[in-house]
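Remarks on the structure that follows.
Protein chains in written order, with this note's numbering: chain A, -11 to 163; chain B, -11 to 163.
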């Protein structure tokens, strides 16, 4: 049932994932679905967490390389279309629906966790200034990538990703 | 009719704006609406362009101040809820609908134009390195603001906005 939900999410976005549609796709009765998940939101949450599953934090010994690994991985996932095409429908729904906003917050916390581990380890090892707020560093790296995927729809190539990471590190050393 | 469309957009997002709903809100017949706009998309485009209307590019004589003016204005508009709550529904629809994707591209080009004028003027006056691609600078400033509004839902305060602008300028001087 979870696999059917993920498939539907990727194909149609949030709007197309009804309990009826999942029931039909998975070939199980609606009652069986409701036995596992009390609501459509609960089912959606589990499927979304599965789609955006957390990566392990890289630990190459270099902050720059760790950030490049994470940012390159994110850029390629953003361009893989399927997962990235679903997120705007969740963001949109979260603007008006508190349950979905809570679900999105949980997904986002999982997502950001990997970046935070890398950044906080670099701060502990004095590779990055302690004055820097880790959430500012996350925003400076993830923000431009998200912006290019959904807002400007420009290419997310290796040059751009490297430039984003190097600018963040350059401005940190500068201060 | 355009005013009614804008009102509905702000209240319900893109999904709630049907020609029926506009007809009812504006108190005019549907035929009258179709006389002005051939399709729902054409009506939406005009309303969206009106909502996200282009700001004049500031020219204070300092790139830093110009960028701060633009970024502060954007941060406050992002937090004014109404306009910012509509955009995700447009982005989501644009993922699956070519007409709406074209509409979003036009809105985005208008939006980015002001940033580009400020950046290109600074490059012409050698206040900013010519090696920098203006679209990279736009992504580095706008990206973190968009990210905080829609993805991490963190606060967009004066400290954050100043930090984003100063980091972009610091990394440019560093290279």
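Each residue gets a CB set at the ideal place from its N, CA and C atoms; glycine is no exception.
These figures come from a predicted structure and were not determined experimentally.
Buried or exposed by the 16-neighbour rule on C-beta atoms within 10 Å, applied to residue i
i, result
"residue 73 of chain A", "buried"
"residue 6 of chain B", "exposed"
"residue 120 of chain B", "buried"
"residue 102 of chain A", "buried"
"residue 1 of chain A", "buried"
"residue 92 of chain B", "buried"
"residue 100 of chain A", "buried"
"residue 49 of chain A", "exposed"
"residue 82 of chain A", "buried"
"residue 80 of chain A", "buried"
"residue 110 of chain A", "buried"
"residue 19 of chain B", "exposed"
"residue 10 of chain A", "buried"
"residue 143 of chain B", "exposed"
"residue 8 of chain B", "exposed"
"residue 4 of chain A", "exposed"
"residue 15 of chain A", "exposed"
"residue 47 of chain B", "exposed"
"residue 114 of chain B", "exposed"
"residue 90 of chain B", "exposed"
"residue 174 of chain A", "It is not possible to answer for residue 174 of chain A, since the shown part of chain A is limited to -11 through 163."
"residue 77 of chain B", "buried"
"residue 64 of chain B", "exposed"
"residue 70 of chain B", "exposed"
"residue 44 of chain A", "exposed"
"residue 159 of chain A", "buried"
Three-state class that DSSP yields for residue i in the structure shown
i, result
"residue 5 of chain A", "coil"
"residue 43 of chain B", "coil"
"residue 83 of chain B", "helix"
"residue 156 of chain B", "helix"
"residue 50 of chain B", "coil"
"residue 17 of chain B", "coil"
"residue 68 of chain B", "coil"
"residue 26 of chain B", "coil"
Any chain C beta carbon closer than 8 Å to residue i
i, result
"residue 148 of chain A", "Going by chain labels, chain C is absent from the structure shown, which instead holds the protein chains A and B."
Any non-hydrogen atom of the ligand FAD closer than 7 Å to residue i Cβ
i, result
"residue 51 of chain B", "In terms of ligand content, the structure shown is empty, and the ligand FAD therefore cannot be addressed."
Which full runs of the alpha helix (DSSP H) of 4+ residues lie inside the segment 86 to 150 of chain A, going along the chain? 86 to 112 and 122 to 134
Pairs of beta-carbons, one from the segment 130 to 142 of chain B and one from the segment 125 to 140 of chain A, closer than 8 Å: are there three or more? yes
Any contact between the segment 100 to 107 of chain A and the segment 54 to 69 of chain A? By contact I mean 3 or more CB pairs, one from each, below 8 Å. yes
Touching or not, the segment 24 to 34 of chain B and the segment -11 to 3 of chain B, by the rule of three or more beta carbon pairs under 8 Å? Contact between the segment 24 to 34 of chain B and the segment -11 to 3 of chain B is present, because at least three Cβ pairs lie under 8 Å.
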